[in-house]
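Please read the structure below before turning to the comments.
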Amino acid sequence: MIELRTPREIEEMRPAGRFVADVLLAVREAAGVGVNLLELDEIAHKMIRDQGAESCYIDYHPSFGAMPFGKTICTSVNDAVLHGLPFDYRLQDGDLLSIDFAASVNGWVSDSALSIVVGTPAPGRAEADSKLIRTTEVALEAGIAAAQPGKKIGDISAAIAEVAHAAGYSINTDFGGHGVGRTMHGDPHVPNNGRAGRGFPLKPGLVIAVEPWFLETTDEIFTDPDGWTLRSKDGSRGAHSEHTIAITEDGPLILTARD
């Protein structure tokens, strides 16, 4: 069921968006060479405890997950791009790290993601990694710009796809954006490829996560033996950017803005 939020409810969602943004900034700042993924997860876990927030991930167990997730952030490294389950791994110079985080504050959820290169880019990888990450960011900006009242979900999808295809990337549509509200994942689905003018109307009060993610040389993925982490089939790197936005009479409002 697709729910539309009142202007008052959207205002009530702002603290969740700010908190999610703050956690991502803190984890990004801490993500250095030699830092363990479990240490990054603990940073998010501590901030959740200190805020009195609730994790959206620890008990999360959808049909595509082998078991409850059990951690508080997703940390996807190099050929992993989504749902990266934190494990005992120390980040290395040049790793491409995608961090995805969602939490509930006062009963409202926000969801956001970013990608970075840890330390110094690997030899021969600087341009390719920068392009991949930047393309997800530009696609996110384009998708949000297209999220105008009176438009359709397909307009967001088409804007994202145009950026990806111009950069030479193919698109996997198994996972994409989604509705956000009292829970992390709801309707409508917001694919990263689609036809402009098609799909659910973008009405004021609709709150969605827009999340382009691309792999360097493929659109095929497989699930890691950990039962969660999604990796590229050909070993190429992936990147992921995401914001939670609200459609308002004046246009899209980014609830998880990090500036």
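For the sequence shown, the numbering used here assigns the number 611 to the initial residue and increments by one for each residue that follows.
The beta-carbon is built from N, C-alpha and C at its ideal position, and this holds for glycine as well.
Note that this is a predicted model, so its numbers are computed, not measured.
{"Check": "Burial state of ASP844, where buried means 16 or more other Cβ atoms lie within 10 Å", "Outcome": "exposed"}
{"Check": "Beta-carbon contacts of SER714 that lie in its chain and below 7 Å, excluding the five residues immediately before and after", "Outcome": "ALA626, ALA663, GLU664 and CYS666"}
{"Check": "Neighbourhood of ALA752 by C-beta distance below 8 Å, restricted to the same chain and skipping five residues each side", "Outcome": "ALA769, ILE770, GLU772 and VAL773"}
{"Check": "Proximity of VAL800 and ILE781 at Cβ, strictly below 8 Å", "Outcome": "no"}
{"Check": "Same chain only: Cβ atoms within 8 Å of THR730, ignoring 5 sequence neighbours per side", "Outcome": "ASP703 and GLY704"}
{"Check": "Bridge partner(s) assigned by DSSP for GLY861", "Outcome": "THR858"}
{"Check": "Cβ shell of SER722 (< 7 Å), same chain only, five flanking positions each side left out", "Outcome": "VAL630, ALA631, LEU634, PHE711, GLU852, HIS853, THR854 and THR866"}
{"Check": "Segment contact, 8 Å Cβ cut-off, at least three pairs: the segment 806–813 with the segment 753–765", "Outcome": "yes"}
{"Check": "Cut-off 6 Å between Cβ atoms - residues of its own chain near GLY644, not counting five sequence neighbours on either side", "Outcome": "ARG700"}
{"Check": "Counted within 10 angstroms of its Cβ, other Cβ atoms place PRO862 as buried (16 or more) or exposed", "Outcome": "buried"}
{"Check": "Within 8 Å, strictly: CB atoms of GLY848 and VAL728", "Outcome": "no"}
{"Check": "Counted within 10 angstroms of its Cβ, other Cβ atoms place PHE824 as buried (16 or more) or exposed", "Outcome": "buried"}
{"Check": "Backbone CA spacing between PRO617 and ASN802 [nearest angstrom]", "Outcome": "27 Å"}
{"Check": "Closest Cα partner of TRP838 within the set PRO672, GLU639 and GLY786", "Outcome": "PRO672"}
{"Check": "Neighbourhood of SER725 by C-beta distance below 6 Å, restricted to the same chain and skipping five residues each side", "Outcome": "SER708, ILE743, ALA849 and HIS850"}
{"Check": "Nearest residue (CA-CA) to ALA756, options MET794, ILE864 and ASP836", "Outcome": "ILE864"}
{"Check": "Distance cut-off 7 Å: TRP838 Cβ against heavy atoms of the ligand SAM", "Outcome": "For the ligand SAM, the structure offers nothing, since it holds no ligand at all."}
{"Check": "Residues of its chain near GLU649, where Cβ-Cβ distance is below 8 Å and the 5 sequence neighbours each way are ignored", "Outcome": "ALA640"}
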